[in-house]
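Engineer:
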Amino acid sequence: MKKNIIYIVLIAVIAVIAFIPGVKDKLQEAFFPVATIENAVHISEEDYDIDLKGINVPSTNLKAFKGKAVFLNFWGTWCPPCRKEWPSIQKLYETRKDHVNFVLIAMEDKEDAVRKFLKENNYNVPVYIAQSPISEKILPKVFPTTYLLDKDGRILIKEDASRDWNTESTHQFIDNIIK
Numbered sequence: 001m002k003k004n005i006i007y008i009v010l011i012a013v014i015a016v017i018a019f020i021p022g023v024k025d026k027l028q029e030a031f032f033p034v035a036t037i038e039n040a041v042h043i044s045e046e047d048y049d050i051d052l053k054g055i056n057v058p059s060t061n062l063k064a065f066k067g068k069a070v071f072l073n074f075w076g077t078w079c080p081p082c083r084k085e086w087p088s089i090q091k092l093y094e095t096r097k098d099h100v101n102f103v104l105i106a107m108e109d110k111e112d113a114v115r116k117f118l119k120e121n122n123y124n125v126p127v128y129i130a131q132s133p134i135s136e137k138i139l140p141k142v143f144p145t146t147y148l149l150d151k152d153g154r155i156l157i158k159e160d161a162s163r164d165w166n167t168e169s170t171h172q173f174i175d176n177i178i179k
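Residue numbers (this note's numbering): 1 to 179.
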């Protein structure tokens with residue numbers, strides 16, 4: 001009898017997770033800070049070698065961020081999901097810019113369109129346009145794509161979709177990787 005009750009409760013929990021909107025997202029949010037660092041993909045010296053034209057910051061090369069924690073986002077002004085996540089990235093930047101380097105690379109975009117987008121929305125997160133080829137290891141297949149790299153060049157998080165980046169778990173995760 002106890003086994004049957006356990007099975008019924010287990011099925012009910014799975015049904016709640018599968019069929020009630022938002023529950024799956026809340027559970028993912030709760031466990032987001034848990035990263036499998038041991039199995040993380042490493043970015044090599046060659047992968048970092050990307051010349052970046054600064055739009056609202058000086059131009060640089062991604063190699064300048066080697067040895068540092070990096071929030072690396074590939075986006076475009078033409079991409080509705082990219083635009084949707086921008087307010088949360090701006091808020092995250094305002095509170096964590098001293099802890100992690102932000103590198104947002106506008107893809108398939110004209111410089112004027114990027115400047116206009118940033119100005120119209122009062123965004124000041126560092127934005128660049130790549131001036132050299134991007135390694136296949138980090139070249140996005142969809143937009144937006146965001147990587148959170150630790151100081152050793154490990155990809156701790158890869159997100160191939162728009163999300164709210166200004167969450168408590170993201171803040172905690174950043175705080176943990178800079179220790």
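Beta carbons: idealized from backbone N, C-alpha and C, even for Gly. In this text the structure is predicted, and so the values were computed from the model without any measurement.
1. Quick check on DSSP: helix, strand or coil for F143?
2. Report yes or no: is there a C-beta of chain D within less than 7 Å of the C-beta of V125?
3. Which residues in the same chain as S44 place their Cβ atom closer than 7 Å to its Cβ, once the five residues preceding and following it in sequence are excluded?
4. Just to confirm the assignment, what range does the beta strand (DSSP E) spanning Y128 have?
5. Could you pull the DSSP bridge partners for T60 from this structure?
6. DSSP has I157 in a bridge; who is on the other side?
7. Hey, would you say T146 sits closer than 7 Å to V114, going by beta carbons?
8. Whether or not the segment 127–138 and the segment 42–57 are in contact is what I'm after, with contact meaning three or more pairs of Cβ atoms, one per stretch, closer than 8 Å; do they touch?
9. To which residues of the same chain is D109 closer than 6 Å at the C-beta, ignoring the five residues directly before and after it?
10. How is I11 classed by DSSP in three states: helix, strand or coil?
11. Tell me the residue span of the beta strand (DSSP E) that contains F102.
12. Which residues in the same chain as Y123 place their Cβ atom closer than 7 Å to its Cβ, once the five residues preceding and following it in sequence are excluded?
13. Near R163, what residues of its chain come up, given a Cβ to Cβ distance below 7 Å and the 5 sequence neighbours on each side ignored?
14. Could you pull the start and end residues of the beta strand (DSSP E) that V73 belongs to?
15. Compare the Cα-Cα distances from I41 to each of K137, S169, T167, H171 and report the closest residue.
16. Flag this pair as yes or no: are the beta carbons of P133 and F74 separated by less than 7 Å?
Structural biologist: Concretely, from the data shown:
1. The count along the sequence shown starts at 1 and reaches residue 143 at position 143. It is coil, neither helix nor strand.
2. The displayed structure is made up of one protein chain only, and chain D is not part of it.
3. Residue numbering aside, residue 44 sits at position 44 when the sequence shown is read from its first letter. Closer than 7 Å at Cβ, skipping near neighbours: no residue.
4. One-based indexing of the sequence shown puts residue 128 at position 128. 127–130 is the extent of the beta strand (DSSP E) around Y128.
5. Locating residue 60 in the sequence shown gives position 60, counting from the first residue. T60 is bridged to L52.
6. The residue labelled residue 157 in the question sits at position 157 within the sequence shown. I157 pairs with L148.
7. Counting from one through the sequence shown, the residue named residue 146 turns up at place 146. Counting from one through the sequence shown, the residue named residue 114 turns up at place 114. No; because the gap between Cβ atoms is not below 7 Å, this pair is not in contact.
8. yes
9. Stepping through the sequence shown from its first residue, residue 109 is reached at position 109. These residues qualify, in order along the chain: G76, T77.
10. If you number the sequence shown from 1, residue 11 lands on position 11. Residue state, collapsed to three classes: helix.
11. For the purposes of this step, residue 102 is taken as residue 102 along the sequence shown, with counting starting at 1. Segment 101–106, the beta strand (DSSP E) holding F102.
12. The count along the sequence shown starts at 1 and reaches residue 123 at position 123. Closer than 7 Å at Cβ, skipping near neighbours: W86, Q90.
13. Here residue 163 is taken as the residue at index 163 of the sequence shown, counted from 1. So the qualifying residues of the chain are E85.
14. Walking along the sequence shown from the start, residue 73 turns up at place 73. The question names Val, but residue 73 is Asn in the sequence shown. Here the beta strand (DSSP E) through N73 covers 70–75.
15. Looking up residue 41 in the sequence shown gives position 41. For clarity, residue 41 is Val in the given sequence; the question names Ile instead. Here the closest residue by C-alpha is K137.
16. The residue labelled residue 133 in the question sits at position 133 within the sequence shown. The residue labelled residue 74 in the question sits at position 74 within the sequence shown. Contact: no.
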